[in-house]
Structures are given as C-alpha cells and as structure tokens.
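Below you'll find the structure, written out as structure tokens, and then a few comments.
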Amino acid sequence: MIDLVQLRREPDVVRAALARRGVSSVSVDEVIGLDNEHRLLLQESERLRAEVKELSRQVGEARRQNDTVTAESLSTASRAVGDQEQVAREATEAVALRLREHLLMLPNLPDERVPDGADESDNVEVRRWWPGMDDGAPFPEFAGYQRVPHWETGVALGILDMESGAKLSGSMFALYRGGGSRLLRALSMLSLDHHVQGYEEIRPPTLALTETMMSTGHLPKSADDMYAIERDGLWAIPTGEVPLTSLRRGEILSEAELPMKLTAQTNCFRREAGAAGKDTRGLLRLHEFEKVELFAYCTPEQADEIHADILGRAEGLLRELGLAYRVLDLCTGDLGTASAYTVDLEVYSPGVDKWLEVSSVSWFRDFQARRANVRYRKSDGSIALVHTLNGSILGWARVWAALVETYRQADGTVRLPAALDPYFGGEAVLR
RNA sequence: GGAGGGAUGACAGAGCGGCCGAAUGUACCGGUCUUGAAAACCGGCGUGGGCUUGCCCACCGUGGGUUCAAAUCCCACUCCCUCCGCCA
Numbered sequence: 001m002i003d004l005v006q007l008r009r010e011p012d013v014v015r016a017a018l019a020r021r022g023v024s025s026v027s028v029d030e031v032i033g034l035d036n037e038h039r040l041l042l043q044e045s046e047r048l049r050a051e052v053k054e055l056s057r058q059v060g061e062a063r064r065q066n067d068t069v070t071a072e073s074l075s076t077a078s079r080a081v082g083d084q085e086q087v088a089r090e091a092t093e094a095v096a097l098r099l100r101e102h103l104l105m106l107p108n109l110p111d112e113r114v115p116d117g118a119d120e121s122d123n124v125e126v127r128r129w130w131p132g133m134d135d136g137a138p139f140p141e142f143a144g145y146q147r148v149p150h151w152e153t154g155v156a157l158g159i160l161d162m163e164s165g166a167k168l169s170g171s172m173f174a175l176y177r178g179g180g181s182r183l184l185r186a187l188s189m190l191s192l193d194h195h196v197q198g199y200e201e202i203r204p205p206t207l208a209l210t211e212t213m214m215s216t217g218h219l220p221k222s223a224d225d226m227y228a229i230e231r232d233g234l235w236a237i238p239t240g241e242v243p244l245t246s247l248r249r250g251e252i253l254s255e256a257e258l259p260m261k262l263t264a265q266t267n268c269f270r271r272e273a274g275a276a277g278k279d280t281r282g283l284l285r286l287h288e289f290e291k292v293e294l295f296a297y298c299t300p301e302q303a304d305e306i307h308a309d310i311l312g313r314a315e316g317l318l319r320e321l322g323l324a325y326r327v328l329d330l331c332t333g334d335l336g337t338a339s340a341y342t343v344d345l346e347v348y349s350p351g352v353d354k355w356l357e358v359s360s361v362s363w364f365r366d367f368q369a370r371r372a373n374v375r376y377r378k379s380d381g382s383i384a385l386v387h388t389l390n391g392s393i394l395g396w397a398r399v400w401a402a403l404v405e406t407y408r409q410a411d412g413t414v415r416l417p418a419a420l421d422p423y424f425g426g427e428a429v430l431r
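In terms of my numbering, the first sequence has 113 at position 113, counting the first letter as 1, and numbering is strictly consecutive.
Okay, structure coming up:
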C-alpha cells in the first residue's frame, strides 16, 4: 500500500508515478477525495465521542456525591450525544472501508530505474551470459540433439510424466520420476546449501490466511490467480515470499536485527487463470512448482546492497549450472503490483528455443511493510517501516527443462553439470 | 474431536464497571557519583490517528453486545497451555 501521507503532501508526484504504470489520475483522485471526506467525518465523530466521555465522567462524579438528580440528567444528555456519535461513527467507518479498498488497489510507485513500457515486450535486456563468454566465446551454437524439447526427452528417459500428472491433478501438473525427481531434489539442495550461510533457512506452511496474502499485495488484486480453500479460509501460496514477508507481521524489530535475511524452499501454486494455452507444454507453465526464495527485511539504506546480493546469488547459481541466461529490467507495464523495481532472469532453453523466466528479484520499498505493519526501531528511538526484498534462486521446473535440453547428448542421455555430481553420488547422468 | 486454564506495553506481571493508556519489577535511554565500569540514586520510557501543536481520539487476542461510562460484565470466534482421543 502506498503512503497516504505522501499522497496528501505531493499528489502530483504520486499521480505522475502511477501514470507510468497506466493508473489513471481519476483513481488517484478518488482516493484523495475519500481521504478528505474521511478526515472530516473523523473529526466530527471524535468530537462527539469526547463529549460522551466528558459527560460520563461527570455522571461518575455526581454519583460519588450522591447527587442522583444531576447524574440522571447528565446520563440522559450523554445518551443523546451517544446516539449522534454512533451515526457519525458508522458514516466514518463506511468511508474508511471504501478508502482502504481503493488504496489497496493502487500499485506501488515505480523506481526511477524502471523503464517505461506497456508490457513484457518492453522489458529492457541489461546483459547476457553464457558458458565461455568470459573467455571470449560467442553465444553457443546448439547442436541438433540439444534442440529436443524436454517433454520428449522426459518421456524417452522416463524422468518426466506429464500424463500421470494430468491424470492425478489435471493439466499443468507435473510428475517427475526417477532421475528427474532426483534432479529436482538435487537442485534444491544445491541452492540451499549455497545460501544458508547468509540466509536463515525457513520451512513455512504453504497454506496461508487471507491476512497473510494481503500483506504481500497478492490479495485482493490477484485473487483469481490463487487457489483458495474456502472452507478453512486458506489460500495456497503462489511463492515463498508470502509467508516470509508476514513472518514478522505487526512487529517492531530492532535496527540491530537488520538486515534479517531468510531463505525458504516451498511449493508454489498458481491458477494461471489468464494463461490458458500459452506456453503450457511440458514444464513451461505449471500450477504447482518448487522454488527457493531469498528474502530480507532491511533498512532503506541497506536495500540496494541486498538487491545486488540476491541478484548475484541467482546469477551465480545459473553460471554454476552452466546455463545461458539474460538479465532484464522489467518495464512499468510488466512490474508486479507491489514492486518498485524488479530484475528478471531468463534462461535460454535450446529444445524449446525460448527464454524462460526462472527468477525475479524485487525491491518493494515499504509497500509490503506498510500492509504487513513491519517496522523497526532506529538507534535514535524513532520508528520506521522496514523495506522488503525478495528473489528466486530459482524456479526449478524451468531450470529442470533448460538443463535437460542444454545437456542432452548425441546418444539421447543427459550429462548434467558437475556441480550436481555430489547429489547424484557420482556422475550426474540421466539415462 | 472432548474437558479445563489462559491471552494486558520489549519482557514478566497487577488491575476485574467510573481520572486506567493501564500499578510494580526487569530491560532500555539520559543524568549524578566513579580514573573507568558495576552498584546506588534521580529522571525518562507503548503504538497509531486527527486537527486550531496543545489538545483530542483509538488500541488491554479478534468481532459483536450491555451501559451514561468497558481492559474490567455478556456472546461468538481465533490462538496458546494442560489432559484425553485420533494420527504421519
């Protein structure tokens, strides 16, 4: 949620920033209007409330002096004011609710670094990396045997069974087998093993309360993309970011605790409501996948460094796996609701000849912290909202696809990168 | 799932209709003392909101209710603890 105080003080700045994301000034003005209306009503109901309190205090005083007559007449007067107060309060609350609803629908202000653009085609490529690039090698020419989609290799080697996944849970649910399953486990281990030194490992629940989903900005806006378990009021999390961001919800942290860096592997659930039929073959787009997330609560001053750290770790992992990738600055049109600045990593997967998004590294400024009410006490005793950041290291389904395609050999087997050998008890080969 | 007990400020813990936003202790911050530190003593010390910046309002798990007045009484719910049941 954006800062209402900032909206009051510099409405033009907010209007201009949100206009870059396609938010009309009308919806910003609606919020300003509701805020003004709310404050007027609030003043009136608080005034009446103060009056009731004062009269009630006088009733108590009269009673103590056994002045029943005065007490009775003051009670009657207080009751009358109380009736007015109730009307005023209900009106105030109704406007407060509308104000909150509107405010929750406003996205975060994009950072200056974010390029303007309408949709993902306007994202700006920052750099590319591929194995051997540092020694001057050109972007790889992939051989014919690498130009085989992972779902074909998956069936041929018995490591991926999309049909069984569909049989069990419907389309866009994957079932990995044998070495394919082990590969998934190996990737989680590799990633977590590399990052537990700097980031505390967490195993959060994967079902979350509405409140928890609100904090990250996934609700109310993206309800259609979430799986809901209505009977119990729970939602399946779309990313580990959800529980991690709410871990300290409502708390005041001490500055010494910051940055508080966490990592978690979770299953992620997405309905992909608007994505029917688009890039949905094999592992390209799933309703459920696994992902390791890096997350941090920090001070505004620490945010840049942490963003760089998370991005560096994600890139480091891709390099270690020897996958070609590119780094994109998301444009205003593709930026997530809560984010102020996001960098995406996409791996090149030769079998499907596509760049696949495997990581998003985002800085939310205090947008999520304001919703989640996570603050910290500075050394001077004052209190401020924390900043939150997160990034994936990485989304495994697509990395799995890229690995199986990139490392497919002429004989149809897959020799995985040596970094995975320890997790295969020897040479990591799928055959 | 059943039966009991509980939820109050950073923590512990009083209050159980009327100057209670809340005693007290600890922690924390400032000061005195000290070569320095500790101890002792003195002072300060919740969060958010509104406006006429001095005042007002809200918050004692959450949501309702009773009352002139609710941390305090009533109802529902949530969570935690103990015991029983079930269970990977």
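Just so you know, even glycine gets a beta-carbon here, dropped at the ideal spot from N, CA and C.
Please read these numbers as outputs of a predicted model, since none were measured by experiment.
If residue i and residue j are in contact, beta carbons under 8 Å, what's the gap, nearest whole angstrom?
i, j, result
"residue 273", "residue 334", "Not quite, the Cβ-Cβ distance comes to about 17 Å (not below 8 Å), so this is no contact."
"residue 258", "residue 235", "Contact doesn't hold; Cβ gap of about 28 Å is too wide."
"residue 290", "residue 390", "The Cβ separation is near 16 Å, so there is no contact."
"residue 174", "residue 286", "6 Å"
"residue 283", "residue 397", "4 Å"
"residue 37", "residue 87", "Wrong, their Cβ atoms sit about 16 Å apart, outside the cutoff."
"residue 108", "residue 2", "7 Å"
Tell me the rounded alpha-carbon separation between residue i and residue j.
i, j, result
"residue 320", "residue 7", "45 Å"
"residue 431", "residue 413", "5 Å"
"residue 325", "residue 28", "38 Å"
"residue 219", "residue 34", "21 Å"
"residue 392", "residue 361", "7 Å"
"residue 422", "residue 129", "25 Å"
"residue 341", "residue 55", "53 Å"
"residue 222", "residue 359", "20 Å"
"residue 151", "residue 187", "19 Å"
"residue 260", "residue 296", "5 Å"
"residue 270", "residue 228", "10 Å"
"residue 57", "residue 111", "52 Å"
"residue 126", "residue 331", "12 Å"
"residue 102", "residue 262", "32 Å"
"residue 231", "residue 210", "13 Å"
"residue 226", "residue 59", "54 Å"
"residue 149", "residue 381", "58 Å"
"residue 137", "residue 429", "26 Å"
"residue 204", "residue 266", "8 Å"
Is residue i helix, strand or coil by DSSP?
i, result
"residue 352", "coil"
"residue 360", "strand"
"residue 367", "helix"
"residue 58", "helix"
"residue 105", "helix"
"residue 211", "helix"
"residue 278", "coil"
"residue 53", "helix"
"residue 142", "coil"
"residue 12", "helix"
"residue 328", "strand"
"residue 337", "coil"
"residue 393", "strand"
"residue 434", "The displayed coordinates of the chain run from 1 to 431. Any statement about residue 434 would go beyond what the structure contains."
"residue 160", "strand"
"residue 190", "helix"
"residue 346", "strand"
"residue 89", "helix"
Since residue i sits in a beta bridge, which residues does DSSP pair it with?
i, result
"residue 36", "Paired residue(s): none; residue 36 is not in a bridge."
"residue 76", "BP columns for residue 76 are empty, so no partner."
"residue 65", "Answer is none; residue 65 lacks a bridge partner."
"residue 202", "264"
"residue 297", "260 and 388"
"residue 229", "234"
"residue 269", "288"
"residue 98", "According to DSSP, which records beta bridges pairwise, residue 98 is partnered with nothing at all."
"residue 127", "327"
"residue 383", "377"
"residue 177", "Residue 177 is not bridged to any residue."
"residue 415", "429"
"residue 408", "414"
Is there at least one non-hydrogen atom of the ligand FAD closer than 7 Å to the beta-carbon of residue i?
i, result
"residue 12", "As presented, the structure is devoid of all ligands, the ligand FAD included, so that no description of it is given."
Residue ranges of each beta strand (DSSP E) within the stretch 238-267, 3 or longer: If one requires a minimum length of 3 residues, the beta strand (DSSP E) runs lying completely within the stretch 238-267 are 252-254, in chain order.
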